[in-house]
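Number of protein chains: 2
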Amino acid sequence: KDVLKANNELAYSNRKLLVKHGIFTMNIMGAIGSGKTTLIEEAINALKERYRIAVIAGDVVAQMDASRFEKLGVKTVAANTGRECHLDAKLIERSLANIDLKDIDILFIENVGNLICPVDYKLGEHVRVVIVSVSEGEDTVLKHPMIFRTSDLAIVNKVDISEAVSADPSKMRGDINQLNPSIPVLLTSKNDAISIDRWIEYIESHLE
Amino acid sequence: KDVLKANNELAYSNRKLLVKHGIFTMNIMGAIGSGKTTLIEEAINALKERYRIAVIAGDVVAQMDASRFEKLGVKTVAANTGRECHLDAKLIERSLANIDLKDIDILFIENVGNLICPVDYKLGEHVRVVIVSVSEGEDTVLKHPMIFRTSDLAIVNKVDISEAVSADPSKMRGDINQLNPSIPVLLTSKNDAISIDRWIEYIESHLE
Ligand SMILES: Nc1nc2c(ncn2[C@@H]2O[C@H](COP(=O)(O)OP(=O)(O)OP(=O)(O)O)[C@@H](O)[C@H]2O)c(=O)[nH]1
Ligand SMILES: Nc1nc2c(ncn2[C@@H]2O[C@H](COP(=O)(O)OP(=O)(O)OP(=O)(O)O)[C@@H](O)[C@H]2O)c(=O)[nH]1
Ligand SMILES: [Mg+2]
Ligand SMILES: [Mg+2]
Ligand SMILES: [Zn+2]
Ligand SMILES: [Zn+2]
């Protein structure tokens, strides 16, 4: 498909621009409500004293999540995707034009809630993170093999409510590693500080 | 867009075919893991003695949900959507060719988990149902106005875990009615038989 070819060429030029400025860029993907904004908020709070951070918040109504990031005092761009259920490289190129790239160390891109389309649309990111929450159901991983095969990190989130939704996070981790044996998998909960430390450590390991 | 125009023409002819056979058709939409399959299972168990039921289960890996319906003994078609994150009228037309329509009273169509694309792709259904679960976050309704404005019934599901995810189901119901004052809103939980009875009654009210 020509659309994807054009997108990936633009993603490549986004990437060159980000590398030129030494910006570490993460594409944060996951289903609607999986915890993308929450995990980015945790990362911002843990890292903003030592690193200069910007966020591009993508969604059909992008301002709602963008406001959560603005409250934390970091440069935020709301990228409205209109009727599209994924971000693309064009929207990222436009968003980057609104950021002073020489002032940034880390760029978080929050993608639209979706485990399907983001697989095909590269944006220019260094690292692709996929979040799946236990409340989506234990079989959600096996139902969406492609995104787990093509991501750099997987996070099983909201493990604090596993019992309430009768889901087993370690089975979900097993399913992820069955699809992609080399991908690291974190089990997190916003109510478990140690699990959040592991997420922050993963990010920092890319910054040295 | 010509794609949507062609889709809606095909949806119209699907609808004519279903009406000719007197089949009541519901398009069940909602985010990934919102409870679509569970609510259809409940409806099948409550109605299969009195009505002849078929299900079209749409997803990128459609067989997993299709197997859940097959276990209940109803005619099931797995509609694999490939890399698309929504069902379209073409895929429904093809699925209908695999069902003996003179033997059916009710057709459930489980759409792909997504609160965006299904808005634009009519399938030929009589009733459009949108499910949102409390675990997706309290603001999920306001973030996806279009699907709540264009559905016939809204369901706020998994209310049994509202406290665990700090979400208020009545606020979510308020948000739905703010976007669409005339849409009926049900609050359900698979663990609350009375709430499921309300869902069954809604379906039956269309069958008389
Ligand atoms: N119990 C529990 N709830 C969580 C956790 N992480 C996030 N949540 C809740 O889940 C809901 C959705 O979280 P968000 O961070 O907004 O999710 P999101 O993926 O950004 O959602 P969208 O941008 O709308 O797709 C909110 O109510 C959060 O409070 C967790 O670890 N445990
Ligand atoms: N606590 C609770 N869990 C529920 C409820 N309804 C569904 N679930 C759970 O939520 C998970 C997902 O339910 P499904 O019915 O498979 O959701 P779905 O919308 O069909 O999911 P996909 O087809 O993968 O998009 C399963 O683990 C269910 O057991 C409910 O009312 N309360
Ligand atoms: Mg978010
Ligand atoms: Mg399902
Ligand atoms: Zn999409
Ligand atoms: Zn789609």
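Those sequence lines, one after another, are chains A and B.
Residue numbers for the first sequence follow the numbering used here, beginning at 1 and rising by one.
Residue numbers for the second sequence follow the numbering used here, beginning at 1001 and rising by one.
Quick reminder that beta carbons are idealized off the backbone N, C-alpha and C, glycines included.
Since the model is a prediction, treat every value here as computed from it, not as a measurement.
* Give me the Cα-Cα distance between Tyr1190 of chain B and Ser133 of chain A, rounded to the nearest whole angstrom. => Here the question's residue 1190 of chain B lines up with position 190 in the second sequence. Here the question's residue 133 of chain A lines up with position 133 in the first sequence. Note that residue 1190 of chain B is Lys in the sequence shown, not Tyr. Straight-line Cα distance between these residues: approximately 19 Å.
* Asp1168 of chain B to Cys1085 of chain B span [Cα, whole Å] -> Within the second sequence, residue 1168 of chain B is the residue found at index 168, counting from 1. Within the second sequence, residue 1085 of chain B is the residue found at index 85, counting from 1. Cα to Cα, Asp1168 of chain B sits roughly 29 Å from Cys1085 of chain B.
* To do: Out of A:Lys158, A:Val141, A:Ala164 and A:Ile155, state which residue places its alpha-carbon closest to the alpha-carbon of Met1064 of chain B.
  => In the second sequence, the residue the question calls residue 1064 of chain B occupies position 64. The candidate whose alpha carbon is nearest that of Met1064 of chain B is A:Val141.
* To do: Under 7 Å Cβ to Cβ from Leu158 of chain A, same chain only, skipping five residues before and after it: list those, please.
  => Taking the first residue of the first sequence as position 1, residue 158 of chain A is located at position 158. The displayed chain sequence assigns Lys, not Leu, to residue 158 of chain A. Answer for Lys158 of chain A: Gly35, Ser133, Val134, Ser135 and Ser189, listed in chain order.
* Name the DSSP beta bridge partners of Gly58 of chain A, please? -> One-based indexing of the first sequence puts residue 58 of chain A at position 58. Gly58 of chain A pairs with A:Ala79.
* Asked: Does the region 51 to 71 of chain A touch the region 1061 to 1075 of chain B, meaning 3 or more C-beta pairs lie closer than 8 Å?
  -> no
* If you scan the region 132 to 189 of chain A from start to end, which runs of the alpha helix (DSSP H) of 4 or more residues do you find wholly inside it? -> 140 to 143, 145 to 149 and 169 to 179
* Assuming Leu1004 of chain B contacts Asp1120 of chain B (C-beta within less than 8 Å), just tell me the rounded distance between them. => In the second sequence, counting from the first residue as 1, residue 1004 of chain B sits at position 4. In the second sequence, counting from the first residue as 1, residue 1120 of chain B sits at position 120. Yes, Leu1004 of chain B and Asp1120 of chain B are in contact; Cβ-Cβ is about 6 Å, under 8 Å.
* Should Ile1200 of chain B be listed as close to ligand 1, given that the test is whether its C-beta is under 6 Å from any heavy atom? -> For the purposes of this step, residue 1200 of chain B is identified with residue 200 of the second sequence, where counting begins at 1. For ligand 1, not one heavy atom lies less than 6 Å from the Cβ of Ile1200 of chain B.
* State yes or no: is the C-beta of Ala1046 of chain B within less than 7 Å of the C-beta of Lys1075 of chain B? => For this step, residue 1046 of chain B is matched to residue 46 along the second sequence. For this step, residue 1075 of chain B is matched to residue 75 along the second sequence. In this structure, Lys1075 of chain B does not lie closer than 7 Å to Ala1046 of chain B by Cβ.
* To do: Flag this pair as yes or no: are the beta carbons of Glu110 of chain A and Ile203 of chain A separated by less than 7 Å?
  => Taking the first sequence and counting its residues from 1, one reaches residue 110 of chain A at position 110. Taking the first sequence and counting its residues from 1, one reaches residue 203 of chain A at position 203. No.
* Does any C-beta atom of chain A lie closer than 7 Å to the C-beta of Leu1061 of chain B? -> The residue given as residue 1061 of chain B occupies position 61 in the second sequence. Going by the sequence as given, residue 1061 of chain B is Val instead of Leu. Yes, Val1061 of chain B counts as interfacial toward chain A.
* Can the beta-carbon of Arg1052 of chain B be found closer than 7 Å to that of Asp1100 of chain B? -> Counting from one through the second sequence, the residue named residue 1052 of chain B turns up at place 52. Counting from one through the second sequence, the residue named residue 1100 of chain B turns up at place 100. No, these two residues do not count as a Cβ contact at 7 Å.
* Closer than 7 Å to chain B by CB, Met64 of chain A -> Walking along the first sequence from the start, residue 64 of chain A turns up at place 64. Answer yes: the Cβ-Cβ gap between Met64 of chain A and chain B drops below 7 Å somewhere.
* Throw me the rounded Cβ distance for the Gly33 of chain A and Gly113 of chain A pair, which I believe falls under 8 Å. => In the first sequence, residue 33 of chain A corresponds to position 33, counting from 1. In the first sequence, residue 113 of chain A corresponds to position 113, counting from 1. Right, the Cβ-Cβ distance comes to about 7 Å (below 8 Å), so this counts as a contact.
* Beta carbon nearer than 6 Å to a non-hydrogen atom of ligand 4 -> B:Lys1036, B:Thr1037, B:Asp1065 and B:Glu1110
* Is it buried or exposed for Arg1083 of chain B, if we count other Cβ within 10 angstroms and need 16 for buried? -> As a working note, residue 1083 of chain B is residue 83 in the second sequence. It counts as exposed.
* Asked: How would you call Asp2 of chain A, buried or exposed, if buried means at least 16 neighbouring beta carbons within 10 angstroms?
  -> Locating residue 2 of chain A in the first sequence gives position 2, where the first residue counts as 1. Exposed: under 16 other Cβ atoms inside 10 Å.
* Asked: Does the beta carbon of Glu1110 of chain B come closer than 7 Å to any beta carbon on chain A?
  -> Residue mapping note: residue 1110 of chain B aligns to position 110 of the second sequence, counting from 1. With 7 Å as the cut-off, Glu1110 of chain B does not count as an interface residue toward chain A.
* Asked: Is DSSP giving Val112 of chain A helix, strand or coil here?
  -> The residue given as residue 112 of chain A occupies position 112 in the first sequence. Coil, per DSSP.
* Asked: In three-state DSSP terms, what is Val1119 of chain B?
  -> As a working mapping, residue 1119 of chain B is identified with position 119 in the second sequence. DSSP places Val1119 of chain B in helix when its eight states are reduced to three.
* Under 7 Å between beta-carbons, which chain A residues line up against Gly1033 of chain B? List them in chain order, please. => Here the question's residue 1033 of chain B lines up with position 33 in the second sequence. Per Cβ cutoff of 7 Å: Ala31, Ser135, Glu136, Gly137 and Thr140.
* Asked: Are the C-beta atoms of Ala1164 of chain B and some chain A residue less than 7 Å apart?
  -> Looking up residue 1164 of chain B in the second sequence gives position 164. So yes, Ala1164 of chain B belongs to the interface.
* **Rounded C-alpha distance that separates Leu187 of chain A from Ser205 of chain A** => Taking the first sequence and counting its residues from 1, one reaches residue 187 of chain A at position 187. Taking the first sequence and counting its residues from 1, one reaches residue 205 of chain A at position 205. Their backbone Cα atoms lie some 18 Å apart in a straight line.
* To do: Under 7 Å between beta-carbons, which chain A residues line up against Leu1115 of chain B? List them in chain order, please.
  => Start at 1 with the first residue of the second sequence, and residue 1115 of chain B comes out as number 115. Ile32, listed in chain order.
* To do: Kindly indicate which residue of A:Glu42, A:Ser182, A:Tyr12 and A:Glu208 has the alpha-carbon position closest to the one of Phe108 of chain A.
  => What you label residue 108 of chain A is simply residue 108 of the first sequence in a count that begins at 1. Per the Cα distances, A:Glu42.
* Asked: Which residues mark the beginning and the end of the beta strand (DSSP E) in which Asn1191 of chain B is found?
  -> Position 191 of the second sequence, counting from 1, holds the residue named residue 1191 of chain B. Careful: Asn1191 of chain B lies outside any beta strand (DSSP E) and carries neither H nor E.
* Same chain, Cβ closer than 8 Å to Leu1017 of chain B, neighbours up to 5 away in sequence not counted -> Taking the first residue of the second sequence as position 1, residue 1017 of chain B is located at position 17. Contacts found: Leu1096, Leu1101 and Gly1124.
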